[in-house]
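Student: When you line the sequence shown up against numbering that gives the first Met the number 0, it's residues 0 to 288, in that order.
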Amino acid sequence: MKIGFAGLGVMGAPMARHLIEAGHEVAGFNRSPAKAQAWAGTTGGRMAATVEEAAAGADLFILCVGNDDDVREVVTAALPALSAGAVVVDHTTTSARVAREMAELTAGQGAFFIDAPVSGGQAGAENGQLSVMAGGDAAALARVEPVLMHYARAVKHMGPSGAGQLTKMVNQIAIAGVVQGLAEAVHFAQTAGLDADAVYDAVSKGAAQSWQMDNRWATAAEGRFDFGFAVDWMRKDLGLVLDEARANGAHLAVTALVDQFYSEIQAMGGGRWDTSSLAARLQARPARG
Numbered sequence: 000m001k002i003g004f005a006g007l008g009v010m011g012a013p014m015a016r017h018l019i020e021a022g023h024e025v026a027g028f029n030r031s032p033a034k035a036q037a038w039a040g041t042t043g044g045r046m047a048a049t050v051e052e053a054a055a056g057a058d059l060f061i062l063c064v065g066n067d068d069d070v071r072e073v074v075t076a077a078l079p080a081l082s083a084g085a086v087v088v089d090h091t092t093t094s095a096r097v098a099r100e101m102a103e104l105t106a107g108q109g110a111f112f113i114d115a116p117v118s119g120g121q122a123g124a125e126n127g128q129l130s131v132m133a134g135g136d137a138a139a140l141a142r143v144e145p146v147l148m149h150y151a152r153a154v155k156h157m158g159p160s161g162a163g164q165l166t167k168m169v170n171q172i173a174i175a176g177v178v179q180g181l182a183e184a185v186h187f188a189q190t191a192g193l194d195a196d197a198v199y200d201a202v203s204k205g206a207a208q209s210w211q212m213d214n215r216w217a218t219a220a221e222g223r224f225d226f227g228f229a230v231d232w233m234r235k236d237l238g239l240v241l242d243e244a245r246a247n248g249a250h251l252a253v254t255a256l257v258d259q260f261y262s263e264i265q266a267m268g269g270g271r272w273d274t275s276s277l278a279a280r281l282q283a284r285p286a287r288g
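1. How many angstroms separate the CA atom of glutamate 125 from the CA atom of glycine 43?
2. Can you check the stretch 48 to 78 for any beta strand (DSSP E) of at least 3 residues that lies completely inside it and give the ranges in chain order?
3. Quick check on the burial criterion: 16 or more other C-beta atoms within 10 angstroms. Buried or exposed for histidine 250?
4. Helix, strand or coil for valine 9 per DSSP?
5. Is it the case that the CB of isoleucine 174 approaches a heavy atom of the ligand COA more closely than 6 Å?
6. Using DSSP with H/G/I as helix, E/B as strand and the rest coil, what is glycine 288?
7. Whole angstroms are fine: how far does the CA of alanine 255 sit from the CA of leucine 129?
8. Which residues in the same chain have their Cβ closer than 6 Å to the Cβ of arginine 234, if we skip the five residues on either side of it in sequence?
9. Using beta-carbon positions only, say whether tyrosine 292 and histidine 17 come within less than 7 Å of one another.
10. According to DSSP, is serine 275 part of a helix, a strand, or is it coil?
11. Which residues in the same chain have their Cβ closer than 6 Å to the Cβ of glycine 11, if we skip the five residues on either side of it in sequence?
12. Taking the DSSP output, what are the residues bridged to lysine 1?
13. On the DSSP letters alone, give me the boundaries of the alpha helix (DSSP H) that phenylalanine 260 sits inside.
14. For a minimum of 4 consecutive residues, which ranges assigned as the alpha helix (DSSP H) are wholly contained in the stretch 184 to 251?
15. With the cut-off set at 7 Å, would you say alanine 47 and phenylalanine 28 are in Cβ contact?
16. Give the straight-line distance between the Cα atoms of glycine 288 and glycine 192, rounded to the nearest whole angstrom.
17. According to the neighbour-count rule (16 or more other Cβ atoms, all chains shown, within 10 Å of its Cβ), is glycine 40 buried or exposed?
18. According to DSSP, what are the bridge partners of histidine 156?
19. For alanine 49, which residues in the same chain have their Cβ closer than 7 Å to its Cβ, ignoring the five residues on either side in sequence?
20. I believe aspartate 273 touches aspartate 225 by the beta-carbon criterion, under 8 Å. Please report the beta-carbon distance rounded to the nearest angstrom.
21. Is valine 131 closer than 7 Å to valine 117 when the C-beta atoms are compared?
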């Protein structure tokens, strides 16, 4: 399948690499040409100088960019260059609103738009183990799903356009609460004078166990926060969540509070720390004595 790929950052570059390794012809575009050149040099993919060049004649056009405005810009530029009946798959985390806008726009030009945000982070992209939650035309998704499985361990159709993005919001709500609970647990254990490693061994075998505990307890206890998903990105995602909640009437008190806590991490200079850095906010507070 002839594929265009826009957005060769920490997520997009390894995803596009998996496609090349599977034998697909991939033209990659990135707004920073140096990243596209590096990707092409290490993978054998073809660097495209523009979105239009990456999309030219493509049967599948994939993007993994920054935000709603980036998606609008890239999709609008790509559409006229795509082959008839092409499928556009957007792995960016955006609002559900822009997903519906892009679905309408692509349908008007004889193409299909799938909003397909992912979970699994950079490690998932590198290892081809992402979880994809997709909204849009089910038949169009089925047509490209075998391609997406080169970098995903699961692709789930969630419903009409926007449903993939709404599902990603559920994912971020769940993570926010779990990470705050983990941060407080680490903080309490340390303040109580317990051995953090021993506490982990004791509680991680029971109901408290989670992916976050298994992967972030030790590093949070050590004050190391240079892993995974950055606070700046999480705040962007939680902003989308809270906007949607205001529109649909969902009550997200904990999510709103955690978003506020992340703003404090940013004020501490931790915008590029990973999401487990909620523990740093508590570690910065002196213990009562």
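Where a beta carbon is used, it is the ideal one built from N, C-alpha and C, also for glycine.
Tutor: Inspection of the coordinates gives the following:
1. Locating residue 125 in the sequence shown gives position 126, counting from the first residue. Locating residue 43 in the sequence shown gives position 44, counting from the first residue. One C-alpha to the other measures close to 17 Å.
2. 59 to 62
3. Position 251 of the sequence shown, counted from the start, is the residue given in the question as residue 250. It is exposed - the Cβ of histidine 250 has fewer than 16 other Cβ atoms within 10 Å.
4. Stepping through the sequence shown from its first residue, residue 9 is reached at position 10. Looking at valine 9 - three-state DSSP - the assignment turns out to be coil, as it is neither helix nor strand.
5. Although the ligand COA was asked about, the structure shown includes no ligands whatsoever.
6. Mapped onto the sequence shown, residue 288 falls at position 289. Only weak support is given to the placement of glycine 288: the predicted model assigns it a pLDDT of 43, under 50, and the question is left unresolved by the model.
7. Looking up residue 129 in the sequence shown gives position 130. Looking up residue 255 in the sequence shown gives position 256. The straight-line gap from Cα to Cα measures roughly 27 Å.
8. Translated into the one-based positions of the sequence shown, residue 234 becomes position 235. Excluding residues within five positions, the ones whose Cβ falls inside 6 Å are Tyr261.
9. The displayed coordinates of the chain run from 0 to 288. Any statement about residue 292 would go beyond what the structure contains.
10. By 1-based counting over the sequence shown, the position of residue 275 is 276. Three-state DSSP puts serine 275 in a helix.
11. If you number the sequence shown from 1, residue 11 lands on position 12. Counting only Cβ-Cβ distances below 6 Å, and skipping sequence neighbours, we find Cys63.
12. Along the sequence shown, one-based indexing puts residue 1 at 2. Paired residues: Glu24.
13. Counting from 1 along the sequence shown, the entry for residue 260 is found at position 261. Element bounds for phenylalanine 260: 252 to 266.
14. 195 to 202, 210 to 220 and 230 to 247
15. Reading the sequence shown from its first residue, position 48 is the one you call residue 47. Reading the sequence shown from its first residue, position 29 is the one you call residue 28. Yes.
16. By 1-based counting over the sequence shown, the position of residue 288 is 289. By 1-based counting over the sequence shown, the position of residue 192 is 193. Here glycine 288 scores only 43 on pLDDT, less than 50, and its place in the model should not be relied on; the value that follows carries that caveat. Roughly 12 Å separates the two Cα atoms.
17. The sequence position of residue 40 within the sequence shown is 41, counting from 1. Result: exposed.
18. As a first step, residue 156 is located in the sequence shown; it is residue number 157 there, counting from the start. For histidine 156, which the question treats as bridged, DSSP gives the partners Ala133.
19. On the sequence shown, residue 49 is found 50 positions in, with the first residue counted as 1. The amino acid at residue 49 is misidentified as alanine; the sequence shows threonine. Exclusion of the five residues before and after threonine 49 leaves Phe28 as the residues of its chain whose Cβ lies within less than 7 Å of its Cβ.
20. Within the sequence shown, numbered from 1, the residue matching residue 273 stands at position 274. Within the sequence shown, numbered from 1, the residue matching residue 225 stands at position 226. Taking 8 Å as the upper bound for CB-CB distance, aspartate 273 and aspartate 225 are in contact here, some 7 Å apart.
21. Stepping through the sequence shown from its first residue, residue 117 is reached at position 118. Stepping through the sequence shown from its first residue, residue 131 is reached at position 132. Contact flag set, yes.
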